[in-house]
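Q:
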Amino acid sequence: MEMKLNADEKCMIMLNRDMKLQHIVYAIMLYNRLCEYLPDRALHITGIINKEFGTFYSGIDVRSMFDVVSSRQSLGWFFNIGIKSMLRKYQLSCVNSFVTTIEILPFTSVCVGCGGVLSITPDFFVNVFKLDMVVKGVLYFEYCKKCGYSHYPNSYSTIKRQHIVTCDAFKQTRYFSVGGKNVYDVALFIHFTHQLIVCRATFRGYTSAYNATIYDLSMMQGERTSAVQQTFQPVVLDRQNFQSAFLVFGICQFKFFMNNSCTSEIPFSLDKVALKRWCEGIKKEMWKLFVIMWGNHKETRKCGSSTCSSCFVVDGQQKIDRPICRFKNVIKENCELGDVFVGCGETSIAGSHFCDTHSYIDGTSTEADGMILEGDNDCLDNPVSDCNMSRIEPETNGKRLTSCGVLVLFFPCGIIGPFTELYRSESVRRCLLFLLETLYLVKLLMGMMYDNACSLKLFIDKHFYQDDHFKKSIFSDHISQLRMVIDRFHQVNHTRHICNTIMRAEHESHGTMFRGVNSEIAEQMFSWLKGLSTPLSGYSSFKSQVMLTLLFHYKNCRTINVSAQEISFGRNIIEKYLNK
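With the numbering used here, letter number 93 in the sequence shown gets 93, and the count goes up by one each step, no holes.
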């Protein structure tokens, strides 16, 4: 039976003799993609096709093909290849359809528990938040009937409701999901990280700007016109959900950067109770890893500063104080110092000045107002008359409803080292406790600059190996041998005799230890931190230390020019010192 060909079919056969149909389609796609004003556009397309497929077409071959296709009106669809609008219309007409261009697949095709082959099943539609758009995607999962494990894009869950992220899954994932209808492009988290560090953006400000940007971009691209406008439901980036998801992502990123573990357990959901329980269980481990990693900065990537490892600078800052429980008589036991009053750092419950643990005190003025003062308030010889910079703990702090900020150790190059929150005051014993807790994990440099170094030295000289105020140990012995000086920024405010002699950085007894050291590094870094005082002051107790750890970690990564996305960067240092 003879088949009759129409003119278009004959045309396609003729074209296919000179160029394969596959190459024609790719050539036209490139034609649509490249700028129409590009000189020798057809010649460039010829080069791309030849390079990709190993062909030897000439520029004349490709130009002739374009001329033939464009001259026939019935083949004009070639120059309008696009599926975005087609998919959008289909999605709007089919409520339960899983058809989409964004398919978020499980990170593995075999079960983590038993190694069995898994079958992929679409779970539900999700909102995928990308840098420049919000699109619909489909989340797929795999369930193993044999061991009960469920597998997701960047994690798996066990029958014990443990939700585990693996290092390999985290490294290869483009989208991050922690349950629910929202999925985030990893690029969005990275973008926010740099906005946080460089521009000191808040979660509220960033999400508001993002939503406004997406709205304007959708209007520019004509996505809210005609029939689509009637069914379009704007999807906004929710501040609280984004903050919680970023917190989970940041902690996983932090742990895999340190790589002391190949897995990281995350909360099963982002509700407040689950997130609080998870943060409470992980914050001490994070602080320990942070101290070991950045406290040994001299063994990581070189920062180029000649004074980086000559000494360290300690200072406190109150601008990021946050609401805390009013109860001040919480103690922390220490081998060298005995019982140190540190206060309660928990967030107070609604309608009270006290947390859940100390809510029984509310209304009993005796315990509420009776702040027990530290034993070192009278340990110095006339501290007030001798120096106007003494850190005597005021009794009025007993009624204070906010924390006293943070106490931080800096390196002169700008690296942020160990830190601690202050709930009562920056007293001498509290500072010594901070130094001891740091020394338990890393070896301190032998030079120290501190705005209250004079009181610290007098306390050590009076009590070290003399009484129970500062007992002897290898750690207290190290601190007693530190060369302590007052930083140059605060030197002019001190009046003690020793403040103007051996406590000066330039005193001959210190040699060249403090020469050329940027003693104002703490003030400079606190100036940067002050810009984040509003969001940091609003964090509850379980988020505060975790966010500070992440914030300082990101800042340090930027200082030494290393990506926080790197895997195993701190592995050697962590393995060397973690269980030492």
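Beta carbons: idealized from backbone N, C-alpha and C, even for Gly.
Assign K255 to buried or exposed, taking buried as 16 or more other Cβ atoms, counted over all protein chains shown, within 10 Å of its Cβ.
A: Looking at its Cβ environment, which holds 16 or more other Cβ atoms inside 10 Å, K255 is buried.
Q: Report all residues from its chain with a CB closer than 7 Å to the CB of V110; omit the five preceding and five following residues, and keep chain order.
A: Cβ neighbours of V110 beyond the five flanking positions: G116, V117 and L118.
Q: Which value, in whole angstroms, describes the spacing of the CA atoms of D315 and G113?
A: 49 Å
Q: Can the beta-carbon of I349 be found closer than 8 Å to that of K555?
A: When the beta-carbon positions are compared, I349 and K555 stay at least 8 Å from each other.
Q: Measure the alpha-carbon distance for S58 versus T46 and round it to whole angstroms.
A: 7 Å
Q: Taking 8 Å as the threshold (C-beta atoms), are F419 and V428 in contact?
A: no
Q: So for Y210, helix, strand or coil by DSSP?
A: helix
Q: Using beta-carbon positions only, say whether F514 and A505 come within less than 8 Å of one another.
A: Cβ atoms of F514 and A505: closer than 8 Å.
Q: Beta carbon of V183, beta carbon of V128: below 8 Å?
A: yes
Q: To test your reading of the DSSP string, which unbroken alpha helix (DSSP H) runs of 4 or more residues are found completely within the stretch 410 to 476?
A: The stretch 410 to 476 contains, as complete alpha helix (DSSP H) runs of 4+ residues, the segments 428 to 439 and 453 to 463 (chain order).
Q: DSSP three-state call for M513: helix, strand or coil?
A: coil
Q: What number of angstroms, rounded off, separates the C-alpha of C35 from the C-alpha of I28?
A: If I take the Cα positions, the gap works out to 13 Å.
Q: With a CB to CB cut of under 7 Å and the five nearest residues on each side skipped, what residues in its chain are close to T347?
A: Counting only Cβ-Cβ distances below 7 Å, and skipping sequence neighbours, we find P323, I324, C355, S540 and S541.
Q: I need the DSSP call for T559, collapsed to helix, strand or coil.
A: If DSSP states are grouped into helix, strand and coil, T559 belongs with the helices.
Q: Tell me which residue opens and which closes the beta strand (DSSP E) that P323 is part of.
A: No beta strand (DSSP E) contains P323, which DSSP labels as neither H nor E.
Q: Please specify which runs of the beta strand (DSSP E), each continuous and at least 3 residues long, are wholly inside the stretch 238 to 321, giving them in chain order.
A: 263 to 266 and 312 to 317
Q: Which of the three DSSP states is assigned to K146 in this structure?
A: Taken through DSSP and simplified to helix, strand or coil, K146 comes out as coil.
Q: Suppose the cutoff is 7 Å on Cβ atoms and the five residues either side in sequence are ignored; what does the same chain contact list for N6 look like?
A: none
Q: Can you tell me whether R301 is buried or exposed? The criterion is at least 16 other CB atoms within 10 Å of its CB, across all chains shown.
A: The C-beta of R301 has fewer than 16 other C-beta atoms within 10 Å across all chains shown, which makes the residue exposed.
Q: State the CB to CB distance for the pair F189 and F249, rounded to an integer number of angstroms; the pair is presumed to be in contact (CB under 8 Å).
A: 5 Å
Q: For I331, which beta-bridge partners are listed by DSSP?
A: F341
Q: Which same chain residues, not among the five before or five after D485, have their C-beta less than 7 Å away from its C-beta?
A: Here residue 485 is Val; the residue named in the question, Asp, does not match the sequence. M449, A453, M503, R504, A505, H510 and F514, listed in sequence order.
Q: Identify, in the order they occur along the chain, each residue of the same chain with its Cβ nearer than 8 Å to the Cβ of M65, setting aside the five sequence neighbours on each side.
A: Only L15, D18, M19, I24 and A27 meet the Cβ criterion.
Q: Which ranges does the beta strand (DSSP E) cover as unbroken runs of at least 3 residues, wholly within the stretch 117 to 190, from first to last along the chain?
A: 120 to 129, 134 to 143, 163 to 166 and 182 to 185
Q: Since R483 is in the alpha helix (DSSP H), which residue starts that stretch and which ends it?
A: Element bounds for R483: not the alpha helix (DSSP H) but the beta strand (DSSP E), R483 to V485.
Q: Does DSSP classify T534 as helix, strand or coil?
A: helix
Q: Do L439 and H478 have their beta-carbon atoms positioned less than 8 Å apart in this structure?
A: yes
Q: Is it true that the CB of H163 sits closer than 8 Å to the CB of F246?
A: no
Q: Have a look at Y143, V126, G137 and D132 and flag the residue whose alpha-carbon is nearest the alpha-carbon of T108.
A: Ranking Y143, V126, G137 and D132 by Cα distance to T108 puts Y143 first.
Q: Between the alpha carbons of C167 and K576, how many angstroms are there, rounded?
A: 21 Å
Q: According to the neighbour-count rule (16 or more other Cβ atoms, all chains shown, within 10 Å of its Cβ), is I574 buried or exposed?
A: Under this definition I574 is a buried residue.
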